[in-house]
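Under the numbering used here, the first residue of the sequence shown is numbered 98, with each subsequent residue one higher.
Backbone N, C-alpha and C define an ideal beta-carbon position, used for all residues, glycine too.
Have a look at the structure below, then the notes.
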Amino acid sequence: MQSIAWLSIVIWLPIGAGIVTLAMGDARPRAARWSALVGSLATLVACVPLYVGFRNGTASYQFVERANWIPALHAQYYLGVDGISLPLILLTAFVTVPVVIAGWTVIERRPSQYFASFLIMEGLMIGVFAAADALLFYFFWEAMLIPMFIIIGVWGGPRRVYATLKFFLYTFLGSVLMLVALIYLYEKTGSYSIAAMQQLPLALTVQRWIFLAFLVAFAVKVPMWPVHTWLPDAHVEAPTGGSVILAAIMLKMGGYGLLRFSLPITPDASRELDWLILLLSLIAIIYIAFVALVQTDMKKLIAYSSIAHMGFVTLGAFLVFLILAATGTSDGATVGMDGAQFQMISHGLISGALFLCIGVMYDRLHTRDISAYGGVVNVMPAFAAFMVLFALANSGLPGTSGFVGEFLVILSSFRASFWYALLAATILILGAAYNLWLIKRVIFGGVANDKVAHMQELNGREFLVLGVLAASVLLLGVWPAPLLHMMDASVQHLVQQAVASKIPAVALR
98 MQSIAWLSIV IWLPIGAGIV TLAMGDARPR AARWSALVGS LATLVACVPL YVGFRNGTAS
158 YQFVERANWI PALHAQYYLG VDGISLPLIL LTAFVTVPVV IAGWTVIERR PSQYFASFLI
218 MEGLMIGVFA AADALLFYFF WEAMLIPMFI IIGVWGGPRR VYATLKFFLY TFLGSVLMLV
278 ALIYLYEKTG SYSIAAMQQL PLALTVQRWI FLAFLVAFAV KVPMWPVHTW LPDAHVEAPT
338 GGSVILAAIM LKMGGYGLLR FSLPITPDAS RELDWLILLL SLIAIIYIAF VALVQTDMKK
398 LIAYSSIAHM GFVTLGAFLV FLILAATGTS DGATVGMDGA QFQMISHGLI SGALFLCIGV
458 MYDRLHTRDI SAYGGVVNVM PAFAAFMVLF ALANSGLPGT SGFVGEFLVI LSSFRASFWY
518 ALLAATILIL GAAYNLWLIK RVIFGGVAND KVAHMQELNG REFLVLGVLA ASVLLLGVWP
578 APLLHMMDAS VQHLVQQAVA SKIPAVALR
């Protein structure tokens, strides 16, 4: 099965489908919609062999493809997946399908361009997770900004130009520092192979600068405090599908970059500066949670909650050094890493579902203001059930996927420090506060006004989309083992890379 170029297929199939969809033009909107749906479903089906053929128990790249790309720079078209990247590829392919379905009748202006942008972006995002060559990774990393820029700029809200420029400038400027770091590593290794860069011994001073360059690029994408301000604006102005992809996939690229580049390439600097990541993570979890509590726009509230939840990802990833210092062993660190990785997948499903729920209400009342709603359960009971489920999952309710990742991070933090664990666990109360406060004001109570009274229940298309996401959230909540087993070997290898010093002997004298 691995003799077939499955990774190239899942990268270029949606891009090709996007080009075909774009070529249909605005004269055939129905054909464009069906082309986009077929393309997204075909990509998801093409991911099945990746999941079925993936071998648990090894940290090595699988489904490897290698060919010369830019010989003069020793850059290769080098693809491969492990237990860290494959779950994110599956998430990308899975989430794109409901995004296409959700925009089926909502997008009336330039539908072919809208759906084509999502398909092309899907292929580029999968390329980010599949790239084993750093220059190829950077190519996909930057290229996927273009379709998202177009999606927000063309189909966004009144302040879409401001939001797109802020989004693009933040992410692009952060990436420039990453490129500088990658060029330096290329000069030292003579190759853009990520594996070669991970094996390169570097002096501590060099590691510090590379770590900070990576941190800026990936912190913007996560986003971490204080470089998070672009995200609420982008979410508010983006169409529903854009918000779903932003929250479900694009934020995860920052966490993926920290796991793929920062920890294994600069382990000594990561150990020395882990306090900075932990501090920024805790600020994001605590401060941003309070910010979410006072929001009046539903999209802004969920956007801020995404920042807080991604704080658990960075917290779990960098607990390894505290655990090593506290216990003399890194055994418990794999639990935190597992939690960080699981949290990325879980949050992708839950946040995407919440933004789709907000989109359902916006399509009916054309406002995201919380004060415009109230008593929705009286007129849309099925929708209310989904909305409550996703909000509780976002709060970390046991039995949902939201519980598993956060619980593993808190469990790992006990190995590092009781106070870290207590603080992280206490913070969960804030998450429950802003989620339940939202539900109370929007879903429950008496019908607030005539507009709410005339809201229509979910149609078949909306019920299908939310139902599939609800089933996924519950399935991962009660049966997380398949996903954890997939990640296990790669996470253990990553922990070993993180705790092993790479300072060359000459630098120790």
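For W103, the enclosing alpha helix (DSSP H) begins and ends at 103-121. F483 sits close to L563, with the two beta carbons spaced by under 7 Å. Assignment of E239 by DSSP, reduced to helix, strand and coil, places it in the helix class. Per DSSP, reduced to three states, the secondary structure at Q438 is helical.
Distance from the CA atom of F237 to the CA atom of V145, rounded to whole angstroms, is 23 Å. Proximity to L147 across R163, L183, L299 peaks at L183, based on C-alpha coordinates. In the structure shown, the three-state DSSP call for F151 is coil. Within its own chain, the residues whose Cβ lies closer than 6 Å to the Cβ of G502, once the five positions on either side in sequence are excluded, are G436, F439, Q440, S443, listed in chain order. Annotated three-state conformation of V161 is strand, per DSSP. Membership of Q295 in the alpha helix (DSSP H) is indicated by the continuous run 291-296. The stretch 360-372 makes contact with the stretch 582-600; the number of CB pairs closer than 8 Å reaches 3 or more. Boundaries for Y470: no alpha helix (DSSP H) harbours it, and the DSSP string shows neither H nor E there. Of the other Cβ atoms in all chains shown, fewer than 16 fall within 10 Å of the Cβ of S468; this residue is therefore exposed. For V258, the enclosing alpha helix (DSSP H) stretches over residues 257-286.
Around A231, the same chain offers L279, Y289, I291 as residues with beta carbons nearer than 6 Å, after the five sequence neighbours per side are excluded.
Membership of L176 in the beta strand (DSSP E) is indicated by the continuous run 172-178. Taking 8 Å as the upper bound for CB-CB distance, G122 and G136 are not in contact here, some 16 Å apart. Going by DSSP, S598 is part of no alpha helix (DSSP H) at all; its letter is neither H nor E. Between Y531 and L398, the beta carbon gap of about 6 Å places them in contact (Cβ cut-off 8 Å).
Distances from the alpha-carbon of V225 to those of T302, G352, V333, L446 put G352 closest.
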